[in-house]
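K.L.:
One structure, as structure tokens, below. Some questions next.
Residue numbers (our numbering): 29 to 394.
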């Protein structure tokens with residue numbers, strides 16, 4: 029059986045619902061599914077040091093690895109301990125150099141560049157942020173030296189990375205989960221609600237501003253299922269008042285979600301656009317696809333480009349008028365929903381986690 033190395037420089041909590049914890053586990057499972065024996069480097073420094081030493085011994089003893097696939101943490105690599113102190117800042121990078129020396133190609137998914145943007149400047153203690161930025165930049169310097177292929181949520185993110193990179197730059201966005209597809213009960217158009225209704229599932233706050241959408245559908249008495257975290261709703265709910273009787277706020281997840289999805293016709297990523305949305309590929313985009321929900325997105329964003337390119341919804345200007353126009357069009361031509369669903373079904377096989385793993389295999393091993 030062919031072998032690969034899977035590396036992530038932090039501890040993963042399988043119970044956390046955030047993309048930074050879900051994605052590595054999905055990719056790990058996908059590599060195993062396509063036939064690889066996977067040697068894993070994951071956890072705190074103490075664990076990673078032992079795992080690295082074991083793999084080095086394997087390599088010295090002649091065991092071959094097709095490639096090393098790594099996913100960055102949301103924190104700098106050096107600060108991923110519980111106490112966030114840099115006790116072994118070069119541990120992982122020295123191992124990367126060792127692998128490169130032994131002709132093992134490295135592909136790395138760089139998760140986020142939030143530390144380059146305004147919202148990072150306005151949150152937290154200045155000294156901590158200064159230290160963190162130093163180590164974020166250190167990560168990029170080492171990536172530039174050792175990484176063969178740099179994967180990003182979308183290639184549009186590359187223009188915001190403050191270093192040039194001579195290797196390949198490729199998109200490796202989130203993917204459709206087979207488990208979510210299995211949960212979905214809306215596989216056929218005959219299961220769809222008869223009237224227009226909408227659903228949003230995700231965070232709420234500065235980066236996830238749905239006020240304009242909520243206002244427009246509220247005025248039109250369109251049912252809107254608003255699924256968000258309870259603490260975020262309490263922080264933001266005044267901005268959404270008065271809440272129309274047709275808007276229902278939910279604080280559910282997991283097995284409780286399918287019943288709510290079944291009551292909605294259209295999914296929403298019509299959030300206020302910022303420069304951040306120019307390159308972010310929302311995890312929920314692919315959850316919406318798994319539930320076969322056509323998507324209303326904002327033109328010009330990374331999500332909007334994906335929706336438009338694949339004809340799986342509507343990418344429109346961020347205005348009340350544009351939103352009202354598309355809602356009118358859907359109400360007058362309900363048959364368009366079935367067309368969008370067919371397009372979603374057509375592209376799903378190209379956007380599963382195993383498809384992502386095969387892309388990495390093609391880039392690094394074949």
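For glycine and all other residues, C-beta sits at the position ideal for the given N, C-alpha and C.
Is the beta carbon of residue 326 closer than 9 Å to that of residue 299?
P.N.:
Yes, Cβ-Cβ distance for residue 299 and residue 326 is below 9 Å.
K.L.:
Under 7 Å Cβ to Cβ from residue 172, same chain only, skipping five residues before and after it: list those, please.
P.N.:
The residues are 191 and 193.
K.L.:
Quick check on residue 334: does DSSP put it in helix, strand or coil?
P.N.:
DSSP places residue 334 in helix when its eight states are reduced to three.
K.L.:
Which stretch, first to last residue, makes up the alpha helix (DSSP H) that contains residue 317?
P.N.:
Residues 311-318.
K.L.:
Reducing DSSP to helix, strand and coil, say where residue 253 ends up.
P.N.:
Residue 253 falls in the strand class under three-state DSSP.
K.L.:
Using three-state DSSP, classify residue 99 as helix, strand or coil.
P.N.:
Of the three classes helix, strand and coil, the one that applies to residue 99 here is strand, per DSSP.
K.L.:
Around the Cβ of residue 329, are there at least 16 other Cβ atoms within 10 angstroms (buried) or fewer (exposed)?
P.N.:
By the neighbour-count rule (16 or more Cβ atoms within 10 Å), residue 329 is buried.
K.L.:
From residue 144 to residue 188, what does the alpha carbon distance come to, in whole angstroms?
P.N.:
Rounded to the nearest angstrom, the two C-alpha atoms are 8 Å apart.
K.L.:
Can you tell which of 130, 332 and 324 has its C-alpha closest to the C-alpha of residue 184?
P.N.:
It is 332.
K.L.:
By a C-beta neighbour count over all protein chains shown, 10 Å radius and 16 as the cutoff for buried, is residue 215 buried or exposed?
P.N.:
A caution first: residue 215 carries a pLDDT of 41, below 50, which makes its placement in the model unreliable, though a value can still be read off. It is exposed - the Cβ of residue 215 has fewer than 16 other Cβ atoms within 10 Å.
K.L.:
Let me check understanding here. Comparing Cα to Cα, which of 179, 30, 249 and 105 lies closest to residue 352?
P.N.:
Closest by alpha carbon: 249.
K.L.:
Could you check how far apart the C-beta atoms of residue 253 and residue 288 are, in whole angstroms? I think they sit under 8 Å.
P.N.:
That belief holds up - the Cβ atoms of residue 253 and residue 288 are roughly 5 Å apart, short of 8 Å.
K.L.:
Look up residue 135 in the DSSP assignment and give the residues it is bridged to.
P.N.:
For residue 135, which the question treats as bridged, DSSP gives the partners 97 and 177.
K.L.:
Given this structure, state the Cα-to-Cα distance separating residue 159 from residue 168, to the nearest angstrom.
P.N.:
Using only the alpha carbons, I get a separation of about 15 Å.
K.L.:
Is it true that the stretch 70-80 meets the stretch 94-110, where meeting means three or more beta-carbon pairs spaced less than 8 Å apart?
P.N.:
These segments touch.
K.L.:
Suppose contacts are defined by Cβ-Cβ distances below 9 Å. Is residue 379 in contact with residue 314 by that definition?
P.N.:
Result yes, Cβ atoms of residue 379 and residue 314 sit closer than 9 Å.
K.L.:
Using alpha carbons as the reference points, say which of 276, 224, 138 and 86 lies closest to residue 127.
P.N.:
When only C-alpha atoms are compared, the closest one is 86.
K.L.:
What span of residues does the beta strand (DSSP E) with residue 34 cover, start to end?
P.N.:
31-36 is the span of the beta strand (DSSP E), which, as asked, contains residue 34.
K.L.:
If you reduce the DSSP assignment to three classes, tell me which class residue 113 lands in.
P.N.:
It is coil, neither helix nor strand.
K.L.:
Look up residue 233 in the DSSP assignment and say whether it is helix, strand or coil.
P.N.:
It is coil, neither helix nor strand.
K.L.:
So, is residue 323 buried or exposed, given that buried needs 16 or more other C-beta atoms within 10 angstroms?
P.N.:
Buried, by the Cβ-count rule.
K.L.:
Could I get the ranges of all uninterrupted alpha helix (DSSP H) runs contained in the stretch 319-378, with 4 residues as the minimum, in chain order?
P.N.:
DSSP runs (the alpha helix (DSSP H)) wholly in the stretch 319-378: 330-338, 348-360 and 363-375.
K.L.:
Return the first residue and the last residue of the beta strand (DSSP E) that residue 295 is part of.
P.N.:
Taken as a continuous stretch (DSSP letters only), the beta strand (DSSP E) holding residue 295 covers 294-297.
K.L.:
Suppose you measure from the CA of residue 217 to the CA of residue 292; what does that come to, to the nearest Å?
P.N.:
Model confidence at residue 217 stands at a pLDDT of 44, short of 50, so the residue's coordinates are unreliable; what they give is reported in the following sentence. Answer to the nearest angstrom: the Cα atoms are 12 Å apart.
K.L.:
Can you pull the DSSP bridge partners for residue 67?
P.N.:
In the DSSP output, where bridge partners are listed per residue, residue 67 has 33.
K.L.:
From which residue to which residue does the alpha helix (DSSP H) around residue 199 run?
P.N.:
Unbroken run through residue 199 is the beta strand (DSSP E), 196-199; no alpha helix (DSSP H).
K.L.:
To the nearest angstrom, report how far apart residue 226 and residue 61 are at their CA atoms.
P.N.:
Between residue 226 and residue 61, the C-alpha separation is close to 35 Å.
K.L.:
Distance check for residue 392 and residue 121, CA to CA, integer angstroms please.
P.N.:
Computed Cα separation, rounded: 19 Å.
K.L.:
Determine the direct distance from the alpha carbon of residue 94 to that of residue 133, and round the result to whole angstroms.
P.N.:
Taking the straight line joining both Cα atoms gives about 8 Å.
K.L.:
Look up residue 275 in the DSSP assignment and give the residues it is bridged to.
P.N.:
Looking at the DSSP assignment, residue 275 forms a beta bridge with 252.
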